[in-house]
Amino acid sequence: MRVIDQRNLPDDRPASMDEQGRRVFIFPASVSGFWRRYRTIVEIFLIIFFLVLPWIKIGGHQALLLNIGDRQFSIFGLTFWAHDAPLIFFILAFLTIGLAFVTAVWGRIWCGWGCPQTVFIDGVFRRFEYWIIGSHIQQRNLAKVPWSIKKFFKLSVLWTLFLIASLIIAHSFLAYFVGADRLVEMTQHNPTENWTIFVVMGFITAVILFDFGWFREQFCIIMCPYGRFQSVLMDDDSVTVSYDPVRGEPRKGQVESGEQQGDCIDCYKCVAVCPTGIDIREGLQLECIGCTACIDACDEVMEKIDKPKGLIRYATGNCLKGIRSKFLTPRVGIYSVLLIAVVSALIFFVSQRQDIVVTVLRGKDNPYQVVQNNGQEQVINHFKLQIKNQTFDELNVQMALPKTWTDKKVELVSQTETIALEGGMNSTIHIFIKFPPSVTGASGSENIKLDFIDTNNDRTRIEENVKLVGPKSI
Ligand code: SF4
Ligand code: SF4
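For what it's worth, this note's numbering labels the leading residue of the sequence shown as 329, then goes sequentially.
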């Protein structure tokens with residue numbers, strides 16, 4: 329097994345591969361300190377949040393459900409269907425622009441603190457390694473020694489834990505896409521009854537096991553599209569994990585004894601803890617995921633040699649050059665305006681969204697018919713209604729004319745009194761509206777309202793305009 333030599337890092341390729349592109353394994357040292365403590369708290373919170381969220385219900389629906397198969401989406405109480413494309417577009421736009429904004433201001437804070445890749449590798453998989461095998465030196469030694477019963481036993485226990493963790497993560501991940509209730513139901517049946525989901529589950533588990541257990545931060549360096557884009561999203565006003573060369577250089581060993589030396593004692597502690605195998609003293613690099621491990625490692629060294637902490641710290645490029653950093657750069661301004669526009673559009677669409685959508689179409693026959701009823705003339709208009717239930721629940725929709733119009737003897741004739749609509753379903757029904765010619769009067773037309781009431785709760789009430797037409801009376 330090829331193992332990283334942290335004092336001789338390559339400058340023409342990532343440290344996790346050799347000249348032939350073969351894997352070089354990195355065993356980062358564990359670290360303690362200010363940022364480590366906060367990252368542990370954030371990781372615990374995010375892992376619990378990820379595992380628990382599919383089981384939380386808001387308004388009777390899963391808090392976050394992205395059921396692509398059934399085209400059902402539920403996001404913190406808001407329910408959408410695939411035909412709500414504008415809303416889904418604005419949510420995706422919000423997430424994309426939000427991430428660009430966060431990167432422009434705080435660099436790769438998402439990678440170091442929020443990305444599931446980092447959170448699970450750092451918060452679960454690497455902890456198992458420290459627990460079962462020991463320190464990074466013990467891990468490196470075990471990797472180098474030939475196979476023995478002891479090595480086989482330790483690695484078997486480790487990979488069994490990796491597999492259990494991968495299965496738990498895969499089940500929770502799938503719960504977001506098929507629904508937690510359905511997932512529980514499926515686990516109680518023979519896998520052959522839901523073999524597609526079973527295969528998908530096996531595949532996701534294998535991918536997680538491979539990625540979090542073996543591939544690790546190579547994903548961030550080689551495959552993650554956001555990781556590759558981050559250099560164009562940041563500038564010298566973005567806050568990143570940075571080494572202060574003004575304070576640190578010339579480092580120990582680069583000056584003759586007696587000459588003025590910087591604070592860096594060239595101990596390589598910051599390199600030893602780096603999970604991507606880089607030397608932060610070489611400046612901002614694509615491989616840096618902003619995990620803050622090197623900050624804590626260096627602070628510990630500074631404390632020991634009685635120098636101020638912060639030789640490696642969160643800082644902007646400008647700040648390191650002695651130039652005052654600006655928060656509101658043109659880039660941040662543009663992202664802010666776009667974010668405000670997207671959030672406003674999202675709020676507008678959500679506020680306009682109705683549980684029931686009704687489209688009123690005039691019947692294809694004559695615009696109106698005049699009939700005799702008990703010696704009285706009556707006009708009849710024919711309409712086709714398309715009614716869509718935009719919720720996930722079954723609705724019973726009842727139509728009614730407001731009293732203003734029933735008093736004027738306007739009458740609704742429908743093939744059914746209430747329309748039962750499954751969640752997300754459409755229904756088309758034909759209705760006739762009878763009225764005396766006086767209603768449309770001399771103009772030959774009149775706009776009236778038609779009420780649609782959800783009989784389950786009597787709350788969902790929408791009004792639709794209906795234009796009645798009849799003969800022009802003198
Ligand atoms: S350079 Fe520092 S912050 Fe960047 S990945 Fe390495 S240890 Fe983490
Ligand atoms: S941990 Fe600090 S002192 Fe040690 S090599 Fe890194 S920057 Fe220099």
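A virtual CB, placed ideally from N, CA and C, is assigned to each residue, including glycine.
Going along the chain, which residues of its own chain have a beta-carbon closer than 8 Å to the beta-carbon of residue i, five neighbours each way excluded?
i	result
F577	Before going further, note that residue 577 is Glu rather than Phe in the sequence given. Excluding positions up to five away in sequence, the list reads G590 and C592.
G648	The sequence given here places Leu at residue 648; Gly does not occur at that position. Same-chain partners within the cutoff: S570, D572, P573 and V574.
R556	L614
F456	L486, L489, F490 and A493
G691	N709, H710, F711, K712 and H758
V560	none
G541	F453, W487, F490 and S494
E739	L729, I761, K762 and F763
M529	A498, H499 and L502
Determine the DSSP secondary structure at residue i, reduced to helix, strand or coil.
i	result
T746	strand
V583	coil
V686	strand
A728	strand
K654	coil
I496	helix
S559	helix
T620	coil
A410	coil
D779	strand
R351	strand
V699	strand
T768	coil
M514	helix
T604	coil
V569	strand
M551	helix
E610	helix
M345	strand
K635	coil
I640	strand
K800	coil
E615	coil
I386	strand
E577	coil
S664	helix
In the DSSP assignment, find the beta strand (DSSP E) that holds residue i and state where it starts and stops.
i	result
A357	Taken as a continuous stretch (DSSP letters only), A357 belongs to no beta strand (DSSP E), as it is neither H nor E.
L337	First-last for L337: undefined, no H or E at that position.
T756	N754 to F763
Q704	Q704 to N717
A471	Where A471 is concerned, there is no enclosing beta strand (DSSP E), although the alpha helix (DSSP H) it sits in stretches over H464 to K472.
N395	L392 to N395
K737	Looking at the DSSP string, K737 is not in any beta strand (DSSP E), and its letter there is neither H nor E.
E792	R789 to V797
Exposed or buried, what is residue i when buried is set at 16 or more other beta-carbons lying within 10 Å of its beta-carbon?
i	result
H517	exposed
P730	exposed
E584	exposed
S494	buried
M753	exposed
R399	exposed
W409	buried
P382	buried
Q348	exposed
N793	exposed
L423	exposed
F538	exposed
I437	buried
I460	buried
S402	buried
P414	exposed
L440	In the sequence under discussion, the amino acid at residue 440 is Gly, which differs from the Leu named in the question. So G440 ends up on the buried side.
R609	buried
Near residue i, which residues of its chain fall below 6 Å by C-beta distance, leaving aside the five closest residues on each side in sequence?
i	result
D721	G751
I781	Q726 and R789
A428	L561 and Y663
G397	none
Output needed for residue i: all residues of its chain with C-beta closer than 7 Å, excluding positions within five of it in sequence on either side, in chain order.
i	result
I425	Y663, L666, L667 and V670
V447	E371, L374 and I375
I354	I332, A343, S344, P603 and G605
Please list the terminal residues of the continuous alpha helix (DSSP H) segment that includes residue i.
i	result
I369	F362 to V380
F401	Premise fails: F401 lies in the beta strand (DSSP E), Q400 to I403, not in any alpha helix (DSSP H).
T533	W523 to I536
N646	G645 to L648
R454	R454 to I460
V447	P444 to F448
Using 8 Å as the cut-off, classify the Cβ of residue i as near or not near the heavy atoms of ligand 3, replying yes or no.
i	result
I449	Ligand 3 is absent from the structure shown, which contains only ligand 1 and ligand 2.
With a threshold of 9 Å between beta-carbons, can residue i be considered close to chain C, or not?
i	result
S476	This model lacks chain C altogether; it includes just one protein chain.
- [ ] For ligand 2, list every residue whose C-beta falls under 5 Å from any of its heavy atoms, going in chain order.
- [x] Residue selection by CB proximity (closer than 5 Å to any heavy atom of ligand 2) returns C592, I593, C595, K597, C598, C626 and V629 in chain order.
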